[in-house]
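In what follows, a single structure is set out as structure tokens and then discussed.
There are 2 protein chains.
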Amino acid sequence: MFKIPDHQVAGHQASTGIIGPLIDDSGRFYKPLQSDHRGSQEVEFYTKFSSITEIPNHIRKFFPIYYGTKQIEASDGSGPCPHLVMEDVVSIRTNPSLMDIKMGSRTWFPTASEDYIMKCLKKDRETTTLPLGFRISGFQIYGDKDSGYWKPERKYVLGFSTDDVRVALKKFVSSNSSNDLVAEPDFAFAESVYGGPNGVLAQLLKLKTWFENQTIFHFYSCSVLMVYEKEPALKGDSPGVTVKLIDFAHVIEGEGVIDHNFLGGLCSLIKFISDILDNLPHNSAQNSEN
Amino acid sequence: MFKIPDHQVAGHQASTGIIGPLIDDSGRFYKPLQSDHRGSQEVEFYTKFSSITEIPNHIRKFFPIYYGTKQIEASDGSGPCPHLVMEDVVSIRTNPSLMDIKMGSRTWFPTASEDYIMKCLKKDRETTTLPLGFRISGFQIYGDKDSGYWKPERKYVLGFSTDDVRVALKKFVSSNSSNDLVAEPDFAFAESVYGGPNGVLAQLLKLKTWFENQTIFHFYSCSVLMVYEKEPALKGDSPGVTVKLIDFAHVIEGEGVIDHNFLGGLCSLIKFISDILDNLPHNSAQNSEN
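In order, the protein sequences belong to chains Z and X. Here the first sequence is numbered in the numbering used here, starting from 1 and rising by one per residue. Here the second sequence is numbered in the numbering used here, starting from 1001 and rising by one per residue.
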């Protein structure tokens, strides 16, 4: 009944002897509760988030549906273990392209331990977290039946420079997704995935408006997950663009202050995406202006 | 001809044996070039900024007018020394109330030396820089002819908590500016200074729109200076609200990325100011909503 997810690109992944998330065939995702405070903090977040009625529905849909916790057999065979149960936003797709982007120019929160802060700060400085206000944690890009997916190793992705991030965001919406950053992207899916009223840009702008005002939560080390489908099940279907926030093990109370750390990174990501849309190859009028 | 400014609330201040800025009676401000790289970096910024014709006038007016550099006698009597010459945005006022707010949740730039980074990080964590994305560096609030100014010491201001910042921003636009944060603010100047089409909030929102797009500069350790006058020279005059950006010794090139660090702090400051306007004592309809 439970199996290891096919389409996970970041976070702890199950493998022999290593505990990781599971999915079932009813579209639910089971995340083992991390033994330290992180598991309980994520449960606390989902519980509090579910109880706050002021969060409007158009914002609530950016968060995976939460179904509580459940004791199931751990993926590593170590016996029963409590799991967070939530909506599986990916496995219902046939051949999803997806990207996990860890938000904020700081992944540590002020009250964390000194060791944790120094570890995070080091990683923030070694990745694009510091200069860009976000870093790509992982992605998979579907090519076609023959080429399958390009799903680079985590270490390779974390080594991305600013320019690499720019190219990866272009390749993510291109049809010629050869397994490197070298080939010139063709932007085949840029308008249908990033653009339009339900595209990534429009969704990120809705999130931005919320983050300019919400002072309930500060989302440290949380990710934006972008998902779409190059070959929708029904011909003529939209690419079914989904934008979700995931990973809430380091969410703390906002105490009346906006999450300027997440918001700054979100504005930076928005600028990257809108630059791509403003400079599409056929878009020559706008090109000459920019 | 040159004298020490009356109304400086932050930064290096001239006193016996200590070099600091000077003003003349034609409305110019002379800032001694700091001997390390900071002086030359600020000259470099002003030179580059002046040369970029794409910066629109409604943004350019947030920056002091720059008149180049000039060799004049240093304030400490140590002889001639090069000074940055710029518009004096304060001394033309009779009894200005002013506040210097250092922007960003990080005051250090990625390529700074390790010593500098650790020194800044420590200060960012000890002040509201980290939690709020900005810190008040200093202020003076004019009371009236009898009480004069409340101009607390720098050390006291840097010790402000989040709540202290909230109160200081309220006292800044109140008439009962007794020399502490205890007395209940009366918000007498809140609408005329923070509100309205030329008020602080409207000006900060214009800056925000620019920062969402500009990728030319990253303004580390730069301040927003707010100035107004409680008793304008002519009765019925507006309080002459001025918002300026100052201190550009740590501006670096944006390299195609927005200044998410400044922008995040700016959005946070905007939220503080708009919360004050939304919750004015007479504004009871809005109060009950919030």
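Even for Gly, the Cβ is constructed at its ideal location relative to N, Cα and C.
In whole angstroms, what is the alpha-carbon distance linking residue i and residue j?
i: Z/Glu212; j: Z/Tyr194; result: 22 Å
i: X/Ser1284; j: X/Ser1174; result: With a pLDDT of 44 at X/Ser1284, under the threshold of 50, the modelled position of this residue cannot be trusted; read the value that follows with caution. Spanning the two alpha carbons is a distance of roughly 19 Å.
i: X/Asp1100; j: Z/Pro82; result: 51 Å
i: Z/Thr47; j: Z/Gly68; result: 8 Å
i: X/Lys1003; j: Z/Tyr156; result: 59 Å
i: Z/Ile92; j: X/Ile1258; result: 36 Å
i: Z/Leu121; j: Z/Pro110; result: 12 Å
i: Z/Glu114; j: Z/His218; result: 19 Å
i: X/Ser1288; j: Z/Leu33; result: Confidence in X/Ser1288 is poor, its pLDDT being 42 and thus under 50, which makes the residue's placement unreliable; the coordinate value appears in the next sentence. The alpha-carbon atoms of X/Ser1288 and Z/Leu33 are separated by roughly 40 Å.
i: X/Tyr1149; j: X/Ser1137; result: 17 Å
i: Z/Leu245; j: X/Tyr1116; result: 35 Å
i: Z/Glu191; j: Z/Met226; result: 15 Å
i: Z/Met1; j: Z/Pro96; result: 22 Å
i: X/Asn1290; j: X/Ser1274; result: Here X/Asn1290 scores only 37 on pLDDT, less than 50, and its place in the model is too uncertain to base an answer on.
i: Z/Gln71; j: Z/Glu153; result: 31 Å
i: X/Glu1042; j: Z/Tyr30; result: 54 Å
i: Z/Gln8; j: Z/Gly20; result: 10 Å
i: X/Leu1132; j: X/Val1224; result: 14 Å
i: Z/Ser51; j: Z/Pro64; result: 15 Å
i: Z/Lys206; j: X/Ala1074; result: 53 Å
i: Z/Asp278; j: Z/Leu84; result: 40 Å
i: Z/His37; j: Z/His250; result: 9 Å
i: X/Asp1247; j: Z/Gly104; result: 25 Å
i: Z/Lys208; j: Z/Thr53; result: 20 Å
i: X/Gln1013; j: X/Ser1078; result: 15 Å
i: Z/Val241; j: Z/Thr94; result: 13 Å
i: X/Asp1076; j: X/Pro1005; result: 14 Å
i: X/Pro1185; j: X/Asn1179; result: 12 Å
i: Z/Lys145; j: Z/Asn176; result: 13 Å
i: X/Cys1267; j: Z/His260; result: 7 Å
i: Z/Thr291; j: Z/Thr107; result: Residue 291 of chain Z lies beyond the stretch modelled for chain Z, which goes from 1 to 290, so this question has no answer here.
Any beta carbon from chain X within less than 9 Å of residue i's own beta carbon?
i: Z/Ile276; result: no
i: Z/Asn279; result: no
i: Z/Ile270; result: yes
i: Z/Leu207; result: no
i: Z/Ser284; result: For Z/Ser284, the predicted structure reports a pLDDT of 45, less than 50, and the residue's modelled location is therefore unreliable. The matter cannot be settled from this model.
i: Z/Arg135; result: no
i: Z/Ser288; result: Caution applies to Z/Ser288, whose pLDDT of 42 falls short of 50 and renders its modelled position unreliable; the model cannot decide the point.
i: Z/Arg125; result: yes
i: Z/Thr215; result: yes
i: Z/Leu121; result: yes
Residues of chain X with a CB under 9 Å from the CB of residue i: which are they?
i: Z/Cys267; result: Phe1211, Glu1212, Ile1258, His1260, Leu1263, Gly1264 and Cys1267
Using a beta-carbon distance below 9 Å, is residue i in contact with chain Z?
i: X/Arg1028; result: no
Please list, in chain order, the chain X residues whose beta carbon lies closer than 8 Å to that of residue i.
i: Z/Thr162; result: Glu1255, Gly1256 and Val1257
What does residue i touch in chain Z if you count any residue whose Cβ is under 9 Å from its own?
i: X/Ser1105; result: Ser105, Arg106, His260, Asn261 and Gly264
For residue i, return the contacting residues in chain X, with the cut-off set at a CB-CB distance below 7 Å.
i: Z/Pro131; result: Pro1110 and Val1257
Rounded to the nearest angstrom, how far is the Cβ of residue i from that of residue j, given a contact under 8 Å?
i: X/Leu1204; j: X/Val1243; result: 7 Å
i: Z/Thr162; j: X/Glu1255; result: 7 Å
i: Z/Ile270; j: Z/Leu201; result: 7 Å
i: Z/Phe262; j: Z/Cys222; result: 7 Å
i: X/Lys1102; j: X/Phe1139; result: Contact doesn't hold; Cβ gap of about 12 Å is too wide.
Shorter than 9 Å from the beta carbon of residue i to some beta carbon of chain A?
i: Z/Arg28; result: As a matter of chain content, chain A is missing from the structure shown, whose protein chains are Z and X.
key: Runs of alpha helix (DSSP H) wholly within the stretch 36 to 75 of chain Z (minimum 4 residues, chain order)   = For the stretch 36 to 75 of chain Z, whole alpha helix (DSSP H) runs of length 4 or above, ordered along the chain, are 37 to 51 and 57 to 60.
request  = Return the chain-ordered ranges of every alpha helix (DSSP H) run that is complete within the stretch 1197 to 1246 of chain X and spans a minimum of 4 residues.
outcome  = DSSP runs (the alpha helix (DSSP H)) wholly in the stretch 1197 to 1246 of chain X: 1200 to 1211.
query = In chain order, which continuous runs of the beta strand (DSSP E) of length 3 or greater are located wholly inside the stretch 1071 to 1101 of chain X?
reply = Runs of the beta strand (DSSP E) lying entirely within the stretch 1071 to 1101 of chain X, each at least 3 residues long, are 1080 to 1087 in chain order.
ask   = Along the chain, which unbroken stretches of the alpha helix (DSSP H) at least 4 residues long are found entirely within the stretch 1110 to 1168 of chain X?
value = Fully enclosed alpha helix (DSSP H) runs of 4 or longer: 1114 to 1126, 1129 to 1132 and 1154 to 1158.
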